[in-house]
Structure formats: C-alpha cells, structure tokens
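A.B. asks: Structure incoming, see below.
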Amino acid sequence: MNATPIYNLLVLTFVLVFFLACKRPAEKVISPEKPKLEIANNTVYYGPESITRTIIQDRSGNIWIASFEGVFKYDGNSFENITSEIESTRFFSVLEDRDGNFWFSSIGSGVYFYDGNDFKNFTVQEGLPDNRVTHIYEDGKGNIWFGTEGGLSMYDGQYFKNFTKKDGLPHDDVSSIIEDHSGKIWFGTRNGICYYDGSTIIVLSNRGKKFANVRSIIQDTNDRIWFGGNDGLWNYDGTNFLKLSDNFVGYISEDKSGNIWTSSESSQGQGWEISRYDQEVVAKGKSNFTQIVSSSEMIFGHLIDNEGNLWFGALGVYKYDGSSVISFKKPDIKI
Numbered sequence: 031m032n033a034t035p036i037y038n039l040l041v042l043t044f045v046l047v048f049f050l051a052c053k054r055p056a057e058k059v060i061s062p063e064k065p066k067l068e069i070a071n072n073t074v075y076y077g078p079e080s081i082t083r084t085i086i087q088d089r090s091g092n093i094w095i096a097s098f099e100g101v102f103k104y105d106g107n108s109f110e111n112i113t114s115e116i117e118s119t120r121f122f123s124v125l126e127d128r129d130g131n132f133w134f135s136s137i138g139s140g141v142y143f144y145d146g147n148d149f150k151n152f153t154v155q156e157g158l159p160d161n162r163v164t165h166i167y168e169d170g171k172g173n174i175w176f177g178t179e180g181g182l183s184m185y186d187g188q189y190f191k192n193f194t195k196k197d198g199l200p201h202d203d204v205s206s207i208i209e210d211h212s213g214k215i216w217f218g219t220r221n222g223i224c225y226y227d228g229s230t231i232i233v234l235s236n237r238g239k240k241f242a243n244v245r246s247i248i249q250d251t252n253d254r255i256w257f258g259g260n261d262g263l264w265n266y267d268g269t270n271f272l273k274l275s276d277n278f279v280g281y282i283s284e285d286k287s288g289n290i291w292t293s294s295e296s297s298q299g300q301g302w303e304i305s306r307y308d309q310e311v312v313a314k315g316k317s318n319f320t321q322i323v324s325s326s327e328m329i330f331g332h333l334i335d336n337e338g339n340l341w342f343g344a345l346g347v348y349k350y351d352g353s354s355v356i357s358f359k360k361p362d363i364k365i
C-alpha cells in the first residue's frame with residue numbers, strides 16, 4: 031500500500047516580487063519571481079495549523095509560537111505544545127522575561143506565567159482589567175505590561191496598576207506596547223497611539239486627527255517611532271509624521287541592518303503580504319518597499335531570527351530563508 035503526500039499548498043500562494051512605493055505614485059513591478067514552497071522534512075512533531083499570532087526567539091535560540099492551538103516551542107528539530115494541559119485557550123502573545131521565565135497571554139483566560147515547570151494563572155481576580163489579553167511587554171525596570179481589550183495593566187511583581195480611558199487612554203482596547211530609548215512607554219489602541227511619561231498619558235494626532243486602530247509599534251535604531259494599523263504605515267521622528275503606506279498594517283519589526291519589515295493587507299488589493307522597507311531608502315524620506323511574501327491567508331506576527339530567517343504566522347507557522355518558504359504544518363497523507 032503506497033502513501034502519497036498531498037501538501038495542500040493551495041491555501042498559501044507565495045510570490046516574490048519587488049514593488050516601488052505605495053499607492054501615491056503608481057506601483058511598478060520589477061522582476062517578479064516565485065520562491066519555492068517546501069514542507070519541513072526533518073521535523074519529528076509539526077507545529078500548529080490554526081491561527082498563529084506571535085513568534086519570538088528565546089535566549090537559547092528556541093522559537094516560541096503563540097497560537098489558537100496552544101503555545102509551541104521549537105528547538106530546531108521538533109515542536110512541543112507547552113500548554114497542552116491547558117484546555118480551550120486561544121493564545122495571542124508570548125514573552126520571555128529577564129529571568130528566563132515565560133508569560134503567555136490568552137483571549138478569555140488571562141495570562142499564564144511559566145517557570146519551565148509550573149504554570150500560574152493571572153485573571154481579573156488577581157487584578158487584570160480584562161481576561162482578553164492580546165499583548166505582553168517587559169520594560170527596562172522589569173515591570174510586565176499587559177494590553178487587554180478592557181484596559182492596560184502594569185504588574186510590578188506584586189501588584190497590578192490598571193489604566194483605562196478614565197486615565198487618558200484613547201481606547202480601552204490596547205494591542206501593542208513598547209518602551210522607547212528615553213523610557214516613555216508607548217501604546218497602540220483601537221482609537222490612537224499614545225505614550226506614558228510616568229505621570230501622564232499623551233495622545234498623538236496628525237493635524238488634529240487620531241490614528242485608527244494602531245496594531246503595532248516599534249522604535250528603530252535611529253529613534254523613529256514606527257506604527258501601523260487602519261491608517262497604514264507611519265513613522266514619527268518626534269516632530270513630523272511620514273506616511274509610507276495606505277494599506278492596513280498588522281505587525282512591524284526591524285532587522286539588524288535597520289530595514290523595516292511589515293505584514294499588511296496586499297498592495298494589490300487582495301490577500302496579505304510581508305514587505306521590507308530598506309533603511310537607506312527610508313532615510314531619504316521615500317516609501318519604496320520590496321514585497322517579500324504574498325499570501326491568500328491573513329499574516330500575523332513575524333520574527334527575524336538570529337540567523338536572519340523570517341518566521342511568520344498565518345494558519346500555521348512558516349519560515350522564509352531568502353529563497354524558499356518552509357511550512358511546518360503536517361502534510362496530509364492519503365492512503
């Protein structure tokens with residue numbers, strides 16, 4: 031009896047193409063190519079096949095993945111579902127703190143603290159403003175911040191300090207958190223971007239207009255704040271705003287060369303894409319970008335690992351090594 035692998039490659043269609051600029055000048059396609067889509071063949075246990083929201087790399091080089099099937103750890107050979115004993119939980123975010131412990135956020139069950147052996151669950155009963163937690167961040171002082179759909183929370187190891195619209199947030203739904211190089215804490219919310227200077231929450235606007243549904247924020251090596259959401263991709267130098275794309279942006283990251291990577295709705299009007307904004311181009315105030323991967327599925331969080339590979343989440347987890355897109359979903363086998 032022969033087993034024939036059927037790889038279900040129709041779900042994700044990847045195209046490697048190069049685009050100049052966003053929609054303001056007309057886009058110009060240069061040298062379209064198709065990267066090869068492969069199935070990982072050295073994996074003992076495969077990764078998640080459902081929505082994958084966040085991917086990080088720990089200090090030992092392991093890849094951690096927050097998905098709607100659980101939180102998975104990948105050691106380079108096999109995947110382990112760390113949260114297999116936790117039932118009916120959709121995980122959104124994962125953080126390794128300065129002590130090497132892990133924090134997992136979920137939609138509906140609060141936050142789980144994991145020390146490598148045991149779990150501790152934090153919910154509204156312990157002080158969270160909401161059990162729907164979408165983001166976790168550790169600041170320079172070791173405080174753990176939680177973005178929830180019902181407010182913001184800072185945990186100092188003993189107590190929770192919560193912030194809502196009553197405290198100056200533009201919206202209680204907080205989806206992204208970073209600390210800038212000066213120590214200010216920035217938040218992306220459903221109704222704008224703001225920062226906390228230790229005493230006051232300051233909401234930013236461009237010509238009197240707030241930014242809608244800010245999903246991701248980073249600060250680059252040149253101290254510019256990048257953020258994206260319903261209003262596209264922007265950067266902010268402390269004085270001026272520069273818009274680089276009109277398309278909805280879900281996640282932003284920076285590589286070691288200072289290039290900016292985004293996952294966003296497609297510039298072609300259908301599907302999603304991962305794009306790269308080269309540092310030398312952005313430094314000139316231009317919005318030219320290179321489209322790296324396109325997909326019929328929504329693309330969520332992404333990671334550039336220590337070796338320069340691009341990991342990203344969709345319905346499952348994928349890795350782009352510069353020439354091929356590798357799927358870690360278990361292939362269908364028909365007998």
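In the numbering used here, the protein residues as written are 31 to 365. Virtual Cβ for every residue (Gly too), placed ideally from N, Cα, C.
Between residue 91 and residue 114, which are expected to be in contact by the criterion C-beta below 8 Å, what is the C-beta distance as a whole number of angstroms?
C.D. replies: Along the sequence shown, read from residue 1 onward, the residue named residue 91 stands at position 61. Along the sequence shown, read from residue 1 onward, the residue named residue 114 stands at position 84. Between residue 114 and residue 91 the Cβ distance is about 22 Å, and since that is not below 8 Å, they are no contact.
A.B. asks: One question on the structure: do residue 126 and residue 88 come within less than 8 Å of each other, judged by their Cβ atoms?
C.D. replies: As a first step, residue 126 is located in the sequence shown; it is residue number 96 there, counting from the start. As a first step, residue 88 is located in the sequence shown; it is residue number 58 there, counting from the start. Yes, Cβ-Cβ distance for residue 126 and residue 88 is below 8 Å.
A.B. asks: What's the call for residue 140, buried or exposed, on a 16-neighbour Cβ count within 10 Å?
C.D. replies: Here residue 140 corresponds to residue number 110 of the sequence shown, with the count starting at 1. Its Cβ being crowded by 16 or more others within 10 Å, residue 140 is buried.
A.B. asks: Note the first and the last residue of the continuous beta strand (DSSP E) segment covering residue 179.
C.D. replies: Counting from 1 along the sequence shown, the entry for residue 179 is found at position 149. Note, residue 179: premise wrong, no beta strand (DSSP E); not H, not E.
A.B. asks: Does the beta-carbon of residue 40 have 16 or more other beta-carbons within 10 angstroms, so that it is buried, or is it exposed?
C.D. replies: Along the sequence shown, one-based indexing puts residue 40 at 10. In this prediction, residue 40 scores a pLDDT of 33, lower than 50, which makes its location untrustworthy; the coordinate-derived value is nonetheless stated afterwards. Per the 10 Å Cβ criterion, exposed.
A.B. asks: Residue 231 and residue 199 look like a contact to me (Cβ under 8 Å); what is the Cβ gap, rounded to whole Å?
C.D. replies: Numbered from 1 along the sequence shown, position 201 holds the residue referred to as residue 231. Numbered from 1 along the sequence shown, position 169 holds the residue referred to as residue 199. Yes, residue 231 and residue 199 are in contact; Cβ-Cβ is about 6 Å, under 8 Å.
A.B. asks: Could you say which of 107, 108 and 78 lies nearest to residue 95 if we only look at CA atoms?
C.D. replies: Start at 1 with the first residue of the sequence shown, and residue 95 comes out as number 65. Nearest C-alpha to residue 95: 78.
A.B. asks: Could you give the C-beta distance for residue 223 and residue 234, rounded to a whole number, given that I count them as a contact under 8 Å?
C.D. replies: By 1-based counting over the sequence shown, the position of residue 223 is 193. By 1-based counting over the sequence shown, the position of residue 234 is 204. Contact flag correct, Cβ pair sits at about 5 Å.
A.B. asks: Tell me the rounded alpha-carbon separation between residue 331 and residue 152.
C.D. replies: Counted from its first residue, the sequence shown places residue 331 at position 301. Counted from its first residue, the sequence shown places residue 152 at position 122. Distance between the alpha carbons of residue 331 and residue 152 is about 24 Å.
A.B. asks: Below 8 Å, how does it come out for the region 259-273 and the region 320-334: are there three or more Cβ pairs, yes or no?
C.D. replies: No: the two stretches stay apart, fewer than three of their Cβ pairs being nearer than 8 Å.
A.B. asks: Please classify residue 346: is it buried, with 16 or more other beta-carbons within 10 angstroms of its beta-carbon, or exposed?
C.D. replies: As a position in the sequence shown, residue 346 is number 316, starting the count at 1. So residue 346 counts as buried.
A.B. asks: Can you tell me where the beta strand (DSSP E) holding residue 2 begins and where it ends?
C.D. replies: Lying outside 31 to 365, the shown extent of the chain, residue 2 is not represented and no answer is given.
A.B. asks: To which residues of the same chain is residue 170 closer than 8 Å at the C-beta, ignoring the five residues directly before and after it?
C.D. replies: Locating residue 170 in the sequence shown gives position 140, where the first residue counts as 1. Contacts found: 209 and 213.
A.B. asks: Which ranges would you report for the beta strand (DSSP E) in the region 327-351 if only whole runs of at least 3 residues count?
C.D. replies: Whole beta strand (DSSP E) segments, 3+ residues: 332-334, 340-344 and 346-350.
A.B. asks: Going by alpha carbons, who is nearest to residue 314 out of 328, 334, 292 and 265?
C.D. replies: As a first step, residue 314 must be located in the sequence shown, where it is residue number 284. For residue 314, the nearest C-alpha among the options comes from 265.
A.B. asks: In three-state DSSP terms, what is residue 321?
C.D. replies: Residue 321 sits at position 291 when you count from the first residue of the sequence shown. Of the three classes helix, strand and coil, the one that applies to residue 321 here is strand, per DSSP.
A.B. asks: Could you compute how far the alpha carbon of residue 352 sits from the alpha carbon of residue 98?
C.D. replies: Position 322 of the sequence shown holds residue 352. Position 68 of the sequence shown holds residue 98. Residue 352 and residue 98: Cα-Cα distance of roughly 28 Å.
A.B. asks: Looking at the unbroken beta strand (DSSP E) that takes in residue 303, where does it start and where does it end?
C.D. replies: Looking up residue 303 in the sequence shown gives position 273. 302-307 is the span of the beta strand (DSSP E), which, as asked, contains residue 303.
A.B. asks: Taking all protein chains shown into account, decide if residue 181 is buried (16 or more other Cβ within 10 angstroms of its Cβ) or exposed.
C.D. replies: The residue you call residue 181 lines up with position 151 of the sequence shown. Buried: at least 16 other Cβ atoms inside 10 Å.
A.B. asks: From residue 110 to residue 238, what does the alpha carbon distance come to, in whole angstroms?
C.D. replies: The count along the sequence shown starts at 1 and reaches residue 110 at position 80. The count along the sequence shown starts at 1 and reaches residue 238 at position 208. Cα to Cα, the separation comes out at about 48 Å.
A.B. asks: For residue 244, report the span of its beta strand (DSSP E) as first-last.
C.D. replies: Your numbering for residue 244 matches position 214 in the sequence shown. Element bounds for residue 244: 244-249.
A.B. asks: For residue 203 and residue 145, I'd like the C-alpha separation in whole angstroms.
C.D. replies: Within the sequence shown, numbered from 1, the residue matching residue 203 stands at position 173. Within the sequence shown, numbered from 1, the residue matching residue 145 stands at position 115. Rounded to the nearest angstrom, the two C-alpha atoms are 28 Å apart.
A.B. asks: Using the Cα positions of residue 354 and residue 168, report the straight-line distance between them to the nearest angstrom.
C.D. replies: By one-based count along the sequence shown, residue 354 stands at place 324. By one-based count along the sequence shown, residue 168 stands at place 138. Taking the straight line joining both Cα atoms gives about 33 Å.
A.B. asks: Throw me the rounded Cβ distance for the residue 262 and residue 279 pair, which I believe falls under 8 Å.
C.D. replies: Numbered from 1 along the sequence shown, position 232 holds the residue referred to as residue 262. Numbered from 1 along the sequence shown, position 249 holds the residue referred to as residue 279. Going by Cβ atoms, the distance from residue 262 to residue 279 rounds to 6 Å, so yes, they are a contact pair.
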